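Here the structure comes first, spelled out in structure tokens, and everything after it is commentary.
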Amino acid sequence: MPSTPGRSWLLRLVIAFSFAQGAVSMARPAVSYRALSLGADERAIGVIAGVYALLPLFAAVPLGRRTDTGRCAPLLPIGVVLISGGCALSGTAGSLGALAAWSGVMGLGHLCFVIGAQSIVARQSAPDEQDRNFGHFTIGASLGQLIGPIAAGSLIGADMGRTSAFALLVSAGVAAVSFTSLWRIEHVRSVAPGSGAAASKVPVLGILRTRGVPAGIFISLAVLSATDILTAYLPVVGEHRGIAPATVGVLLSLRAAATIACRLVMTPLINLLGRTVLIVVTCLLAALLCAGVALPVPVWGLGVMLVLLGFCLGVGQPLSMTTVVQAAPDGARSTALALRLTGNRLGQVAAPAGAGLIAGVAGVAAPFVMLGGLLLVAAGLGLRRSPARPSPGSPLPEAGEPAPGPPLLKRRKG
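Count along the sequence shown starting at 1, add 104, and that's the number in the numbering used here.
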């Protein structure tokens with residue numbers, strides 16, 4: 105597929121994603137602090153964090169199917185409206201049930217935005233540009249994750265109930281700023297002949313059986329679960345260790361800054377190490393560092409670990425997007441990306457719920473040990489073969505069709 109002329113669309117997409125993700129990253133710790141002010145314990149925090157992913161878990165594949173046969177851009181403003189509304193209504197929620205429900209609306213909005221945005225990147229990038237463009241796209245997420253927690257930490261003070269509500273209302277305004285960058289972001293072209301039929305003919309199980317897709321989904325799930333539980337549970341760890349909310353916000357932002365640094369140098373890292381080594385080594389190191397968060401280290405030591413962890417976690421998401429897109433059948437790539445997001449949301453439901461149970465039994469640091477185990481499994485999957493990367497202009501392999509050449513992971517994510 106030829107590349108769309110110019111890259112201003114990608115820059116504007118990154119800017120819009122930065123604000124949308126910044127709002128969510130600001131709201132997630134604010135929701136945790138608001139829940140604590142409403143009397144939530146560790147188990148309740150886990151349930152609320154899981155509900156954030158529950159609605160998206162059921163909506164991802166239908167949205168992907170729709171996007172495969174139509175335009176992607178309409179999902180972006182819908183996502184912004186849902187994120188902004190979910191943030192604002194979470195700030196006014198007076199019970200844990202209402203807080204969980206509006207958190208779910210926020211999660212649905214984030215899913216709509218991400219499916220639309222990722223599909224635009226996949227559709228408007230040539231095969232040899234996908235690593236770079238997905239890497240730059242995910243910088244938008246990292247920028248939001250960098251600024252959001254600092255903003256939340258600076259706004260939340262001693263009166264946790266009132267200040268967390270204010271932080272959630274501010275995050276709603278931050279999300280709305282995304283609208284300013286959403287003009288003409290999709291280059292409209294006719295749907296390729298037969299692509300709609302292809303999307304309807306390829307069953308979900310067929311996509312999931314395509315070589316490279318399952319490994320990409322699980323690695324993405326493990327990496328996102330690590331990021332998500334860090335965001336949701338580091339405030340709880342800080343509360344138990346006497347670390348101020350502002351300091352927790354800085355720690356979370358250090359992790360995000362390291363992720364940005366990783367994505368800026370990802371292409372040289374791939375060229376230097378190869379994809380298999382890069383994904384396996386970063387998952388292994390991330391596993392050890394997640395387990396290290398459970399140790400009672402001083403704040404500066406926690407900061408060092410989070411910087412290293414952020415760098416390692418920066419690899420998984422963009423490379424998993426490229427792998428899933430290049431492995432998926434023609435006409436079903438948005439659905440394949442939606443399945444990857446479904447895996448992410450499944451992890452966001454199961455991991456926080458499991459984390460809440462573990463924290464209730466073994467303490468608030470125990471969930472980070474669980475994350476270490478997930479990342480070890482991801483490292484093992486990174487060693488498995490997946491389809492070879494097609495040369496520019498060559499057709500992508502169909503589902504179940506063996507691709508020629510060396511394994512994708514060796515040359516380039518898994």
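For each residue, glycine too, the CB sits at the ideal point set by N, CA and C. Predicted model only: the values in this text are computed from it and were never measured.
For residue i, which residues from the same chain have a beta carbon less than 7 Å from its beta carbon, with the 5 sequence-adjacent residues on both sides left out?
| i | result |
| --- | --- |
| Leu286 | Ala120, Leu180, Pro181 |
| Arg227 | Cys176 |
| Ser268 | Ala134, Tyr137, Arg138, Ser141, Ile260 |
| Ser122 | Gly244, Leu247, Gly248 |
| Cys394 | Ala330, Leu413, Phe472, Leu475, Gly476, Leu479 |
| Leu373 | Leu382 |
| Val403 | Ile347, Thr351 |
Using a threshold of 7 Å, state whether the C-beta atoms of residue i and residue j are closer than that.
| i | j | result |
| --- | --- | --- |
| Ser207 | Val135 | yes |
| Ala336 | Ala157 | no |
| Leu212 | Leu159 | yes |
| Leu461 | Val327 | no |
| Arg359 | Leu392 | no |
| Val225 | Phe238 | yes |
| Ala483 | Val384 | yes |
| Gly316 | Ala431 | yes |
| Ala361 | Phe472 | no |
| Ala131 | Ser329 | no |
| Ala262 | Ile187 | no |
| Leu376 | Val419 | no |
| Cys191 | Ala255 | no |
| Leu200 | Ala144 | yes |
| Pro422 | Thr242 | yes |
| Ala319 | Leu117 | no |
Whole angstroms is fine: what's the gap from residue i's alpha carbon to residue j's?
| i | j | result |
| --- | --- | --- |
| Glu233 | Ile347 | 43 Å |
| Ala440 | Ala163 | 14 Å |
| Pro496 | Ser129 | With a pLDDT of only 38 at Pro496, under 50, the local geometry of the prediction cannot be trusted, and the value read off the model is given with reservation. If I take the Cα positions, the gap works out to 36 Å. |
| Arg169 | Leu412 | 37 Å |
| Ala442 | Gln222 | 9 Å |
| Arg449 | Leu325 | 8 Å |
| Gly257 | Gly195 | 15 Å |
| His240 | Leu193 | 32 Å |
| Ala365 | Thr351 | 21 Å |
| Ala197 | Leu203 | 5 Å |
| Asp67 | Ile311 | Any answer about residue 67 is impossible in this case: the structure gives the chain only from 105 up to 518. |
| Val341 | Gly458 | 16 Å |
| Gly414 | Glu343 | 22 Å |
| Gly477 | Leu388 | 10 Å |
| Gly405 | Ala390 | 15 Å |
| Asp172 | Val209 | 24 Å |
| Gly300 | Met425 | Legend: pLDDT at Gly300 = 48, less than 50; position of this residue unreliable, no value from coordinates given. |
| Val369 | Pro231 | 19 Å |
| Leu356 | Leu273 | 21 Å |
| Leu363 | Ala280 | Looking at the sequence shown, residue 363 is not Leu but Thr. Roughly 25 Å between the two C-alpha positions. |
| Gly396 | Leu215 | 31 Å |
| Leu338 | Pro178 | 35 Å |
| Thr371 | Gly265 | 44 Å |
| Ile219 | Val185 | 15 Å |
| Leu334 | Leu309 | 32 Å |
| Leu487 | Gly189 | 42 Å |
| Glu146 | Val354 | 22 Å |
| Leu161 | Leu167 | 11 Å |
| Ser282 | Arg379 | 33 Å |
| Val165 | Thr446 | 7 Å |
| Val408 | Arg367 | 19 Å |
| Arg345 | Ala148 | 19 Å |
| Ser400 | Asp235 | The amino acid at residue 400 is misidentified as Ser; the sequence shows Pro. Whole-angstrom Cα-Cα distance: 38 Å. |
| Thr386 | Arg111 | 30 Å |
Near residue i, which residues of its chain fall below 6 Å by C-beta distance, leaving aside the five closest residues on each side in sequence?
| i | result |
| --- | --- |
| Gly298 | Because Gly298 carries a pLDDT of 45, less than 50, the predicted location of this residue cannot be relied on, and the following value inherits that uncertainty. Here the set comprises nothing. |
| Ala296 | Low per-residue confidence applies at Ala296: pLDDT is 43, beneath 50, and the placement is therefore not dependable enough to give any value. |
| Gly126 | Gly248, Ile251, Gly252, Val278 |
| Trp113 | Ile289 |
| Arg444 | Ile321, Ser324, Val428 |
| Pro349 | Gly257, Ile260 |
| Val155 | Ala204, Ser207, Gly208 |
| Ser438 | Gly168, Thr171, Asp172, Ser223 |
Notebook entry, point to check: In chain order, which continuous runs of the alpha helix (DSSP H) of length 4 or greater are located wholly inside the stretch 257-332?
Noted result: 264-280, 299-305, 308-312
Next item on the list: Run through the stretch 329-375 for me and flag every whole alpha helix (DSSP H) of 4 or more residues, listed as ranges in chain order.
Entry: 349-368
Next item on the list: Run through the stretch 403-474 for me and flag every whole alpha helix (DSSP H) of 4 or more residues, listed as ranges in chain order.
Entry: 403-417, 420-431, 437-466
Next item on the list: At 4 residues or longer, and completely inside the stretch 146-188: list those alpha helix (DSSP H) runs for me, N to C.
Entry: 146-172
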